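Going by numbering that gives the first Met the number 0, the first residue of the sequence shown is number 0, and it counts up by one from there.
Every residue, glycine too, gets a C-beta built ideally from N, C-alpha and C.
Please read all numbers here as calculations on a predicted model, not as lab measurements.
Here is the structure we will look at.
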Amino acid sequence: MLTLLKLLKDGKFHSGQDLGAALGVSRSAVWKQLQQLEVALGIEVHKVRGRGYKLVYPISLLDEAKIQAAAPHLGWPVQLFDSVDSTNAEAMRLIASRSPLPLVVLAERQTAGRGRRGRKWVSPFGENIYYSLALRIEGGMRQLEGLSLLVGLAVLKALRESGVKAAGLKWPNDVLVGRRKIAGVLLELLGDPADVCHVVVGVGINVNMRATDEVDQEWTSVHLETGVPSDRNELAARLSTNIAAYLAVHQVQGFGAYMEEWEESHLWQGRAVTLLAGAEAIEGVVLGIDARGALQLQVGDDKKSYSGGELSLRLRNDT
Ligand code: BTN
């Protein structure tokens, strides 16, 4: 089925006969595979009697050579998957099997993409970026402090470079345009954070997705914001380049070096919010973050600090 997709990806008409010859199957087998493309991957195919088949929307598939060419000095190996449960889960398996690090896992689709707080990350085929970077962390806790916020900054920069100028951050690491989510970050840790450990930096970016019934919150994509389809290979390379640059400074100076930059891009700075922490809902006003990336809230007369992966912010009185 994916070989067929690769034959069709130029967006031009191809006859059933030519496709059958290229695949070494009959025309009716081509027809069956085309049905599967639509049902299994949600890819729409335009069928015209006498001309053949073409994709309704041309697709640009992930391409390792293009990603490497767009980030030539980085040297991070990239593993591409047509389909995987979760790129984070795959990166963890690669760490467990002692693959050389750092390495990047990218997939055309995820069948069990995971988001923060146990949520699902909607991951249709060929439309978005599902990216995981596996890293070995040697410097103990300090190298982990603020790491997920730092990755948010790197994602934000990549999005702005791709034309989404209005994108901003929501603590801890959502990237939004106004109220609509365009990207999310999920860090997963393996080993002892006080000693040598491994971290998987998972990034999901809505790139060319324009419609879905599955996302249960307000969302947008690079295509919806810029009005044109984006090259996912270039965006993936930009993402790696930016993460590497932010990490290099973080390793030496810690997250404190980025506090100001982060707060400048925080869309909810100074806003009245509710912080959801399990069953608890804490009402306060966002003061900013500290040098470890913890959220600073004015709660009544007190200034309080919050950190942890299970926390989530809502604007107060938001419906
Ligand atoms: C969030 O909830 O905002 C975080 C979403 C993170 C999604 C990405 S997609 C690539 C990587 N693999 C996963 O299963 N999740 C992350």
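| Check | Outcome |
| --- | --- |
| Should L374 and V198 be called a contact, given that it needs their Cβ atoms to be closer than 7 Å? | Within the shown structure, residues of the chain are numbered from 0 to 318, placing residue 374 beyond reach of any answer. |
| From the DSSP output, read off the bridge partner residues of W218. | K180 |
| Pull up the distance between the alpha-carbon of E282 and that of D300, whole angstroms please. | 12 Å |
| Leaving out five residues before and five after G167 in sequence, what residues of the same chain have Cβ atoms less than 8 Å from its Cβ? | L155, V174, L175, V176, S264, H265 and L266 |
| How would you label T86, buried or exposed, when you count the other beta carbons within 10 angstroms and need 16 or more for buried? | buried |
| H13 and L6 look like a contact to me (Cβ under 8 Å); what is the Cβ gap, rounded to whole Å? | 6 Å |
| Could you tell me if V206 is buried or exposed, where buried requires 16 or more neighbouring beta carbons within 10 angstroms of its beta carbon? | buried |
| For T273, does the three-state DSSP call read helix, strand or coil? | strand |
| Check whether the region 26-35 touches the region 98-110, counting contact only when three or more Cβ pairs, one atom from each stretch, lie closer than 8 Å. | no |
| What I want to know is whether the C-beta of R237 ends up closer than 6 Å to one or more non-hydrogen atoms of the ligand BTN. | no |
| Please report the residue range of the beta strand (DSSP E) in which Y129 lies. | I128 to I136 |
| Alpha carbons only, please: which of T240, E260 and A276 is nearest the one belonging to D289? | E260 |
| How long is the line joining the alpha carbons of Y56 and Q78, rounded to whole angstroms? | 26 Å |
| Anyone know if the C-beta pair for S147 and N172 falls short of 7 Å? | yes |
| Keeping to the same chain, check which residues put their C-beta closer than 7 Å to that of T325; ignore five residues upstream and five downstream. | For the chain, the structure presents residues 0 to 318; residue 325 sits outside this window and is missing. |
| Since S229 and S161 should fall inside the 8 Å C-beta cutoff, what is the C-beta to C-beta distance between them, to a whole number of angstroms? | 6 Å |
| For the candidate residues Q35, L158 and W30, whose alpha-carbon lies nearest to that of E233? | L158 |
| What are the start and end residues of each continuous beta strand (DSSP E) run of 3 or more residues lying completely inside the region 132-213, in chain order? | 166-169, 173-176, 179-190 and 196-204 |
| Which stretch, first to last residue, makes up the beta strand (DSSP E) that contains Y56? | No beta strand (DSSP E) holds Y56; DSSP gives it neither H nor E. |
| Which same chain residues, not among the five before or five after G287, have their C-beta less than 7 Å away from its C-beta? | E262, Q268 and Q295 |
| Contact check, Y129 vs G203 under 8 Å by CB: the rounded distance? | 6 Å |
| Which class does T318 belong to by DSSP, given the choice of helix, strand or coil? | Note that T318 scores a pLDDT of 46, beneath 50, so its modelled location is shaky; the value from the coordinates is reported in the next line. In the structure shown, T318 sits in coil (DSSP, three-state: anything other than H, G, I, E or B). |
| Need the endpoints of the beta strand (DSSP E) that Y305 sits in, please. | D301 to Y305 |
| In its own chain, which residues sit with a C-beta less than 8 Å from the C-beta of T225, not counting the 5 before and 5 after it? | S161, G162 and V163 |
| What first and last residue would you give for the beta strand (DSSP E) that runs through H45? | V44 to V47 |
| Where do the ends of the beta strand (DSSP E) carrying E259 lie? | Taken as a continuous stretch (DSSP letters only), E259 belongs to no beta strand (DSSP E), being part of the alpha helix (DSSP H) at M258 to E263. |
| Let me make sure I understand the geometry here. Which of M208, G183 and G151 has the alpha-carbon closest to that of N127? | M208 |
| Who are the near neighbours of G19 in its chain, counting only those whose CB is closer than 8 Å to its CB and skipping five residues on each side? | S25, R26, A28 and V29 |
| In the DSSP assignment, find the alpha helix (DSSP H) that holds A21 and state where it starts and stops. | G15 to L22 |
| Between R276 and the rest of its own chain, which residues show a CB-CB distance below 6 Å, the 5 nearest in sequence each way excluded? | The question names Arg, but residue 276 is Ala in the sequence shown. L310. |
| Quick one: using the 10 Å Cβ neighbour count with 16 as the cut-off for buried, is H249 buried or exposed? | buried |
| Assuming R313 contacts A271 under a Cβ cut-off of 8 Å, what Cβ separation, rounded to an integer in Å, is found between them? | About 10 Å separates the two Cβ atoms, so there is no contact after all. |
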